Structures are given as structure tokens and as C-alpha cells.
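Here the sequence shown stands for residues -24 to -1, 1 to 409, numbered as in mature numbering (1 follows the signal peptide of the UniProt record, and there is no 0). Structure first, commentary second.
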Amino acid sequence: MLQVTRSCLLFWLLCVLLISEISTRTSKSLKGKYIKLSKTPTKPDGQLEYIVDIMKRPPSQNGKLDLAFIMDTTGSMSSYINSAKQNIREIVEEIVTSSGSDVRLALIEYRDHSPQDRTFVTRKNDFTSSVSTMKSWLNSASANGGGDTPEAVAEAMYQTTKLSWRQEATKISVMISDAPPHGLVPSEDTSFPQGSPNGHDPMQLARDLAQKDITLYVIGVEPPIVPYKDFFMALAYITGGQYVPLSVPRLLVNAITGGAQEELSLRKFQADVQREIKQASAAGGSINKQQIAQTVFQRLQKSGAKSRQLVRNNKTLDGPSADAKVLATKQSMAEVRKVFKKGTTSTPFRGVGGMGGGMGEVMDGDMRLSMSVGMGGGMRGGVGSGDPLRSMSPKAMIPSSSASEKLSTKESGITLEQINRLVEKGTARLPSV
């Protein structure tokens, strides 16, 4: 009995030491490996011997993943920057564990053009396979500046196209934003109402991403981004990505890992979609995207094809709105401005007091504030800003329902909406569409 107890104690001590060793050696990557613990009665006296192996994970069909973070680092985004800093290792480990992919990370920070912001417009950190390096980039990031409502979204998208993406990798860019680009709503744009001073156009850049097989996910910080939601839905839709609403920073890790897992699971269906698009293109005439999607979907559904799906509160994410799909057909911001309708919403909020700080958890309190989003605009970034949502403390903007908000993934049958996204991305790669 004493020997068994001693063996158990030694086993658990070994586990503690192993975990400690792994966590302290941050410079050594464990990607593509897993820990195997086994016990066998190999000793002559019959005592159990515990064996610890760090094994190579079997090769994954998902192969390589290039994941780029595109982060608004203006003053209103501190809570989300901190969440990324705290959870980057968990994000990578979750993706590696679930898929076995070889993951590389990049970070693009963006703020605004002078004179609205005099620090930097964009700051690009190209791909690395080191989680520690990525963490150091995030540690150097801070929330500052901003100026008027729009930010340098176009410049950030342009820098995304210039990263050293691997040809054979699944390529995902994740934009975390709470503000529109320049040139979307001229009345709110005190500096560049017609768009980027460098001539970069988000609509064309979204198509450039699609042509490079880069999927864009937009994590929209709500409620500030709600008036511009259709526009960001359109950008994501062009590339085959999704708009993910988020009001609680602690769910950022779920949004990123869930999106990556879904896209990795969809990669195996791209060949089916591209084959149908190629056949339709060769036949001449206009391409019927809906017909292509239905054909592929019915075939995959009949075969029992399954995929991972990012879900919010156990329900699939809302697909692009009808207005977003209209915007996705436009080739430039000039065309978008002619039809864009700024959205409005009235949302109950729970006041939690305080200026600055994080938005990590909803605190107790009964005070509620009903705000109309989309009727303001103008300057932001401090007391007296014309945009009440973006100048409020992040804690004061927590929706009352956010305490129960959940993001997770599930495996289920392939959906028509997923195939629609693949078709949209595939046809965006055709110069004639």
C-alpha cells in the first residue's frame, strides 16, 4: 500500500515538473506534438513504471495555417488589445490541438492618418512561427489616439496583402475593429471624406485578398461598429469570411480559434467549388452563383459531408444581410457611398461606472442606458466627443445580455451558407466577375 501511494505521488510530481518545464521554456515550440503518459508493470518487483513521451502529432490534412491579426489600436480598443495579449498562447495551442496545423502568426496594427493621429498609420509585423515573438509584438501594442470616427482601415488591408503568405497554407486574416474606414460616411470624416489619402480602396483590397486566397474575418466590436455593420459584412463576404459580433473582450479567443477551425475544415471543399466555377466560366455567359452553390451543397450533403461551425449562443452566425450582399457587388468606395445606409439600433446597456479599464466582465448594477446608434458621428476619443459610443468608457458600453454571451464551435453537416461563402470567394478570383 505504501509503495502504491509513493508511486502515485511520484507520478503527480512528475506531471507538475513536466508542465512547469514546458511553460517556462517558451522559446521551444511544441507545435505538432502531444504529451503521452503511460504506465506499465515493467519493474521486476511488479511496481508500475510511468513513462512520459513528447510525441510527434500525426500529419494533419489541414497542413499549414497563416493567421494574421489586423488590430485597431486606437484609444477605444484597450480591452481587446489586452485580451489578445493574455490569450495568444491559448489561441495557438487550441488551433494546434484541434487541427495539428503548422501555425504562423502576423500582426498589423493600425490607427489613423495625420493630422488625426501623429504616431503611426500602420505597423506591420510579418509572419513568425514563434508564439513568444507574437506575444512580444502584442505587449508592445497600446491603445492610443484616433481622432475623428473613421480609421486607416484601407491602409491596414493593403499591408495585409503584402505579408509573406505561404502559397500552400490556409490563409486567414482577422480584423478587430470598432470604426469605419475613411470615405464611407463623408459627413463623419473631417480629414479624408473621399477615402484613403493614399488611394487604397477597401472594396478593391477585399478582392485582392480573395484573389490571393486570403479569407477575411471581421470581429466587430459592438455596439460602436453597428452603424457600419453591413459594410464590414460585405468585406468579409467578398473573401469568403464572416462578420463576428463581439461585445465582451474575454470571448475574443473563442472568436479567433472558432473562425480558424471553421476555415480549416472548409478547405477540403474548395476543390469542389472551384471545379463548378471553372465549368460555369468555360460555358460562357454570366455565372449563376446561387446555382453553383446549390449544386455543390446538394452533392456534399448527399455524401454526409461535415464541417466545423462557429456558433454564437448555440446558433449559427447571422449571414450577410441583404444590404451587405448589395454592397459586396460594388467595385469601389465611390459606388458604395451611393447606396450605403447607415444602420441604427437601440440597445439596453448596464452601467458599471469608471473611466478606462477593461470590458472583461459584466458587473452588478441595475442602471440601464438606451442609446440610438448611428445618429451621431463627428469627433471622438475623449470627453465631449461627438460619437457618444466610442468616447464612453469600455465598461459603460457592455450590453446587459453580454454576461450570457457565448461563442463556441460545433461539428455538423455542411451548410449552404458555408458553400455560398466559398463560391463568393472563388468567383471574386475571376477577373471578369
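Think of the CB as a built atom: it goes at the ideal place given N, C-alpha and C, for glycine as much as any other residue. Keep in mind it's a predicted model, so treat the numbers as computed, not measured.
Inset, instruction - Put Phe45 into one of helix, strand or coil per three-state DSSP. - result: Here Phe45 carries a strand assignment [DSSP, helix/strand/coil].
Inset, instruction - Report yes if the C-beta distance between Leu139 and Val220 is below 8 Å; otherwise report no. - result: no
Legend entry - Nonlocal neighbours in the same chain, by C-beta distance under 7 Å from Met179, ignoring five residues either side: Lys306, Gln307, Ser308, Met309 and Val312
Inset, instruction - To the nearest angstrom, report how far apart Asp102 and Leu286 are at their CA atoms. - result: 27 Å
Legend entry - Exposed unless 16 or more other CB atoms sit within 10 angstroms - verdict on Asn230: With 16 or more other Cβ atoms within 10 Å, it is buried.
Legend entry - Secondary structure of Ser90, DSSP reduced to three states: coil
Legend entry - Leu398, DSSP secondary structure in three states: helix
Inset, instruction - Could you tell me whether the segment 125 to 143 touches the segment 83 to 98, where touching means 3 or more Cβ pairs closer than 8 Å? - result: yes
Legend entry - Start and end residues, alpha helix (DSSP H) containing Phe273: Lys265 to Lys278
Legend entry - Cα-Cα separation between Thr104 and Pro173, rounded to whole angstroms: In this structure, the CA atom of Thr104 is about 30 Å from the CA atom of Pro173.
Inset, instruction - Taking 8 Å as the cut-off, decide whether the C-beta atoms of Leu222 and Val197 are in contact. - result: yes
Legend entry - Stretch pair the segment 39 to 50 + the segment 180 to 189: three plus CB contacts closer than 8 Å: They do not touch, by the three-pair rule.
Inset, instruction - Determine the DSSP secondary structure at Ile71, reduced to helix, strand or coil. - result: Helix at Ile71.
Inset, instruction - Please classify Leu160: does DSSP put it in a helix, a strand, or coil? - result: coil
Inset, instruction - Under 7 Å Cβ to Cβ from Glu144, same chain only, skipping five residues before and after it: list those, please. - result: Gly39 and Lys40
Legend entry - Within the segment 169 to 219, ranges of the alpha helix (DSSP H) (whole runs, at least 4 residues): 178 to 187 and 205 to 214
Legend entry - Beta-carbon proximity list for Gly402, same chain, < 6 Å, skipping 5 on both sides: Within the same chain, Gly402 has close Cβ partners Val249, Gln250 and Ile253.
Inset, instruction - Could you pull the start and end residues of the beta strand (DSSP E) that Gln143 belongs to? - result: Careful: Gln143 lies outside any beta strand (DSSP E) and carries neither H nor E.
Inset, instruction - Check each candidate in Ser112, Met53 and Ala281 and name the one with the smallest Cα separation from Pro200. - result: Met53
Legend entry - Euclidean distance between Cα positions of Lys61 and Leu227: 13 Å
Legend entry - Member of Gln187, Ser112, His158 and Ala210 whose CA lies at the smallest distance from the CA of residue 410: Only positions -24 to 409 of the chain appear in the structure, and residue 410 is not among them; the question remains open.
Legend entry - Span separating the alpha-carbon of Pro296 from that of Thr136: 23 Å
Legend entry - Sub-8 Å separation of Val79 and Leu43 beta-carbons: yes
Inset, instruction - State the DSSP-derived secondary structure class of Ser149, mapped to helix, strand or coil. - result: strand
Legend entry - Residues near Thr233 by beta carbon distance below 7 Å, same chain, minus five either side: Ile67, Glu70 and Ile71
Legend entry - 7 Å CB neighbourhood of Leu192 in its chain, flanking five on each side removed: Sequence-distant partners of Leu192 (beyond 5 residues in either direction) whose C-beta falls short of 7 Å from its own C-beta, in its chain, are Ser149, Met151, Ala182, Leu185, Leu211, Ala212, Thr215 and Gly217.
Legend entry - Cα-Cα separation between Glu131 and Ser257, rounded to whole angstroms: 33 Å
Inset, instruction - Along the beta strand (DSSP E) that carries Ser223, what are the first and last residues, could you check? - result: First-last for Ser223: undefined, no H or E at that position.
Inset, instruction - Compute the Euclidean distance between the alpha carbons of Ile57 and Thr385, then round it to the nearest angstrom. - result: 23 Å
Legend entry - Alpha-carbon to alpha-carbon, Glu239 and Pro203: For Pro203 and Glu239, the distance between alpha carbons rounds to 27 Å.
Inset, instruction - Put Ser116 into one of helix, strand or coil per three-state DSSP. - result: helix
Inset, instruction - Can you tell me the Cβ-Cβ gap for Arg243 and Thr146, rounded? I've got them flagged as a contact below 8 Å. - result: 5 Å
Inset, instruction - Grab me the residues of Asp206's own chain with a C-beta within less than 7 Å of its C-beta, minus the 5 sequence neighbours each way, in chain order. - result: Ser297, Asp299, Ala300, Leu303 and Gly319
Inset, instruction - Can you have a look at Glu400 and say buried or exposed, based on whether 16 or more other CB atoms are within 10 angstroms of its CB? - result: buried
Inset, instruction - Could you name the residues of the same chain whose beta carbon sits closer than 6 Å to that of Ser153, not counting the 5 residues immediately before and after it, in chain order? - result: Correct list, in chain order: Asp48.
Legend entry - Contact set for Ala404: own chain, Cβ-Cβ below 6 Å, skip 5 residues either direction: Arg183, Ala186 and Ile214
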